[in-house]
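Residue numbers for the sequence shown, in numbering that gives the first Met the number 0: 0 to 477. Glycine included, each C-beta is placed from N, C-alpha and C at the ideal position. Only a predicted model underlies this, so the values are computations on that prediction, with no experimental measurement involved. Working notes, beginning with the structure itself.
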Amino acid sequence: MIKNDATLELSKEDMKSYGYKVVDAIVEHFDSQREKLPVAMASRKEMDGIFLEDSPEKPMDPQKVLDFVLEEVMTQSNIVSHPKSYSFVPGPSNYISAMADSLASGFNVFSGGWAASPAAAELEIVTMNWLLKIFGFPVKRGGGIFTSGGSMANLTAIIAARTVKCRDDFSKTVIYLSDQAHSSNIKAIRAAGFVKEQIRIIPTDSEFKFSLNKLKNAIAKDTLEGLQPLCLIATAGTTNTGTVDQLSEIAAICKKENVWFHIDGAYGGAAILAKNGKQLLKGIEKADSITVDPHKWFFQPYEIGCLLVRNHKWLKGTFTEKPEYLRDIEGNTSEINFYDHGIELTRRFRALKFYMSIKTFGLKTFRKAITYNIKLAEETESFLRKSSSWEVISPATLAVINFRYNPIGNQLTEKKLDALNQYISKKVVASQKALLVTTVLNKQIVLRMCLINPRTTLDDVKETLSLCEEFAEAKKPF
Ligand SMILES: Cc1ncc(COP(=O)(O)O)c(C=O)c1O
């Protein structure tokens with residue numbers, strides 16, 4: 000009789016004490032993060048010094064491994080949910096969803112097919128319906144899928160657009176996006192097999208929106224040359240400035256030219272829950288597909304992105320494969336196998352955290368939090384405008400604001416101002432007291448604040464700006 004003592008199990012008591020310790024650590028993290036420094040800094044050499052070893056053959060006391068991880072691993076990451084974490088896109092997260100993720104992992108729910116976990120598939124259908132409704136897509140006809148993040152949602156959209164519009168031969172097709180579109184779109188286009196010559200990057204106007212005339216000209220030129228405009232990617236909340244492209248006008252162009260209209264709402268999509276956000280996002284409901292990224296401004300922990308499509312058949316028609324060993328679990332058409340709607344077969348149960356957090360807090364709380372974030376950025380803008388030291392470069396839009404240190408009366412050249420603002424950011428990050436990095440707008444180096452954390456206060460912002468001013472003043476005469 001074959002015997003096995005390598006079952007990778009702990010006793011019930013050991014599991015409990017281990018688990019309680021993990022929960023205690025997570026609770027402590029949520030409770031005390033404001034008192035911690037948001038920025039972690041370590042060189043490869045320092046990290047190697049702590050962690051580098053051959054894979055251990057022998058077992059080790061589980062508590063010791065856990066202690067080591069809590070002390071050395073969990074302390075060496077930026078705290079992206081810290082109130083003074085303003086870059087790049089913060090990850091405010093929430094405790095309920097963190098626990099939901101633990102449940103999903105603890106039960107190791109396979110969220111690929113209906114037969115394997117009907118409740119997981121049903122929750123994905125239900126939460127997808129919530130999102131379809133929120134974004135004004137047809138709930139019955141529409142569909143969607145949770146992905147690992149926005150990049151994967153954009154990739155899923157491009158592959159669906161390519162398949163629905165032209166099946167296998169897409170060599171004569173062209174994709175359009177603006178110079179403010181997120182880099183994941185270019186990555187997705189390249190990963191989907193398009194070459195450089197098939198990508199049109201359209202310049203933006205003074206407000207960082209698609210230049211519509213240039214877009215129309217580019218489409219006309221391509222059509223004249225016998226190319227097929229395939230897909231247009233607009234952005235609802237650019238990462239740099241929070242700008243929303245002219246969605247209704249672009250929808251009309253896409254309709255006229257028979258072009259797939261994809262909207263990357265990974266950053267700003269969630270703003271639809273706020274009154275003024277909804278106003279700004281008008282026209283989003285006219286898209287063929289929308290990327291939303293719940294692990295950003297829907298306050299979910301990593302990883303959960305989402306693609307919504309106007310017609311669920313587009314996903315099924317693009318991604319269905321029928322291997323022999325999955326024959327028995329195909330089910331009926333109303334019982335969705337999400338592995339047929341996207342790239343992944345084995346998928347974690349992402350819908351659970353979205354479901355549990357919205358059930359627990361209510362959509363109303365999410366609306367309030369997002370409304371607060373938009374207002375906080377606006378108040379930051381008025382504060383900056385009243386100061387003689389700061390210049391607002393792009394106004395508060397969907398909780399993003401860009402500015403630079405440029406005190407009235409200084410004689411600095413543009414080059415020196417760039418260097419000074421880069422210096423401020425470097426010093427702030429090196430102090431570890433705030434995560435505030437730069438971006439480039441109109442060839443100027445500027446500081447960018449993304450204020451989507453509902454626990455960030457105006458006082459946090461003012462303290463951070465004072466810190467910036469201290470570093471700048473200490474550098475005088477610049
Ligand atoms: C507008 C936009 N699209 C796509 C992405 C990529 O999303 P993810 O990092 O979840 O893959 C981001 C990330 O910041 C983004 O801001």
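Within 10 angstroms of its Cβ, does residue i collect 16 or more other Cβ (buried), or is it exposed?
{"i": "Val26", "result": "exposed"}
{"i": "Val79", "result": "buried"}
{"i": "Ser424", "result": "buried"}
{"i": "Val439", "result": "exposed"}
{"i": "Thr345", "result": "exposed"}
{"i": "Met127", "result": "buried"}
{"i": "Ser177", "result": "buried"}
{"i": "Phe348", "result": "buried"}
{"i": "Pro228", "result": "buried"}
{"i": "Thr222", "result": "exposed"}
{"i": "Leu7", "result": "exposed"}
{"i": "Asp4", "result": "exposed"}
{"i": "Glu481", "result": "Residue 481 falls outside the range modelled here, since the chain spans only 0 to 477, and no answer is possible."}
{"i": "Ala159", "result": "buried"}
{"i": "Asp23", "result": "exposed"}
Going by CA-CA distance only, name the one from the options that's closest to residue i.
{"i": "Lys215", "options": "Thr146, Asn275, Lys254 and Lys195", "result": "Lys254"}
{"i": "Ile283", "options": "Pro293, Asp168 and Ala250", "result": "Ala250"}
{"i": "Asp60", "options": "Asp244, Tyr17 and Ile95", "result": "Tyr17"}
{"i": "Asp244", "options": "Pro89, Met0, Pro453 and Asp204", "result": "Asp204"}
{"i": "Glu70", "options": "Val308, Pro55, Tyr85 and Phe50", "result": "Phe50"}
{"i": "Arg43", "options": "Leu36, His28 and Gln75", "result": "Gln75"}
{"i": "Ile124", "options": "Ala265, Phe337 and Val163", "result": "Phe337"}
{"i": "Gly241", "options": "Cys230, Leu280, Ala217 and Glu256", "result": "Leu280"}
{"i": "Phe169", "options": "Ile198, Phe348 and Phe365", "result": "Ile198"}
{"i": "Ala191", "options": "Ala265, Arg161 and Ser177", "result": "Arg161"}
{"i": "Ala433", "options": "Val88, Asp459, Leu246 and Leu419", "result": "Asp459"}
{"i": "Gln62", "options": "Ser465, Tyr354, Val21 and Phe209", "result": "Val21"}
{"i": "Val194", "options": "Pro202, His181 and Thr172", "result": "Thr172"}
{"i": "Leu36", "options": "Asp47, Val64, Tyr85 and Lys15", "result": "Tyr85"}
{"i": "Asp339", "options": "Glu329, Ile392 and Ser182", "result": "Glu329"}
{"i": "Glu206", "options": "Arg189, Leu229, Met40 and Gln179", "result": "Gln179"}
{"i": "Met14", "options": "Ser54, Leu65 and Ala39", "result": "Leu65"}
{"i": "Lys208", "options": "Ala219, Ala235 and Glu196", "result": "Ala235"}
{"i": "Ile451", "options": "Trp313, Ile369 and Ser381", "result": "Ile369"}
{"i": "Asn184", "options": "Cys165, Val163, Met46 and Met151", "result": "Met151"}
{"i": "Lys83", "options": "Val445, Glu468, Val427 and Ile444", "result": "Val427"}
{"i": "Trp296", "options": "Glu248, Ala233, Asp327 and Leu362", "result": "Leu362"}
{"i": "Ala39", "options": "Val72, Pro55 and Lys385", "result": "Val72"}
{"i": "Ala119", "options": "Phe145, Pro137, Val138 and Met98", "result": "Phe145"}
{"i": "Ala270", "options": "Ile392, Pro300 and Ala398", "result": "Ala398"}
{"i": "Phe402", "options": "Trp389, Asn409 and Gln410", "result": "Trp389"}
{"i": "Glu302", "options": "Arg384, Ala97, Arg447 and Phe136", "result": "Ala97"}
{"i": "Pro58", "options": "His181, Ser104 and Leu9", "result": "Leu9"}
{"i": "Ala103", "options": "Phe87, Phe29 and Phe353", "result": "Phe353"}
{"i": "Glu248", "options": "Asn420, Thr455 and Ala233", "result": "Ala233"}
Can you tell me which of the three DSSP states residue i falls into?
{"i": "Pro228", "result": "strand"}
{"i": "Asp23", "result": "helix"}
{"i": "Gly18", "result": "helix"}
{"i": "Arg394", "result": "At residue 394 the sequence reads Pro, which differs from the Arg that was named. Strand."}
{"i": "Trp313", "result": "helix"}
{"i": "Thr203", "result": "strand"}
{"i": "Thr155", "result": "helix"}
{"i": "Trp129", "result": "helix"}
{"i": "Thr234", "result": "strand"}
{"i": "Met355", "result": "helix"}
{"i": "His261", "result": "strand"}
{"i": "Thr438", "result": "strand"}
{"i": "Ser210", "result": "coil"}
Give every residue of the same chain whose Cβ lies closer than 6 Å to the Cβ of residue i, excluding the five residues on either side of it in the sequence, and list them in chain order.
{"i": "Ala187", "result": "Asn153, Leu154 and Ile157"}
{"i": "Ala286", "result": "Phe260 and Ile262"}
{"i": "His81", "result": "Gln32 and Pro37"}
{"i": "Leu375", "result": "Leu450"}
{"i": "Leu272", "result": "Phe365, Arg366 and Ile369"}
{"i": "Gln443", "result": "none"}
Looking only at its own chain, which residues have a Cβ that is under 7 Å from the Cβ of residue i, when we skip the five neighbours before and after it?
{"i": "Asn93", "result": "Phe298 and Ser356"}
{"i": "Leu130", "result": "Gly143, Val291, Cys305 and Leu307"}
{"i": "Glu378", "result": "Leu457"}
{"i": "Gln410", "result": "none"}
{"i": "Gly264", "result": "Ala235, Gly236, Ile283, Ile289, Thr290 and Val291"}
Using 9 Å as the limit for Cβ to Cβ distance, is residue i near chain D?
{"i": "Ala433", "result": "In the displayed structure, chain D is absent; only one protein chain is listed."}
Apart from the five residues just before and just after residue i, which ones in its own chain have a Cβ nearer than 8 Å to its Cβ?
{"i": "Phe360", "result": "Asn93 and Ile95"}
{"i": "Pro202", "result": "Ser177, Asp178, Ser210 and Lys213"}
{"i": "Gln431", "result": "Leu36, Pro37, Val38, Ala39 and Met40"}
Check whether the Cβ of residue i lies closer than 8 Å to any heavy atom of ligand 2, and answer yes or no.
{"i": "Phe209", "result": "Ligand 2 is not part of the structure shown, which contains ligand 1 as its ligands."}
- request: Kindly confirm or deny that the segment 408 to 416 and the segment 460 to 475 touch, where touching means at least three C-beta pairs closer than 8 Å.
  value: Counting Cβ pairs under 8 Å, fewer than three are found: no touch.
- request: Inspect the CB distances between the segment 314 to 322 and the segment 106 to 124 and report whether three or more fall short of 8 Å.
  value: The segment 314 to 322 is not in contact with the segment 106 to 124.
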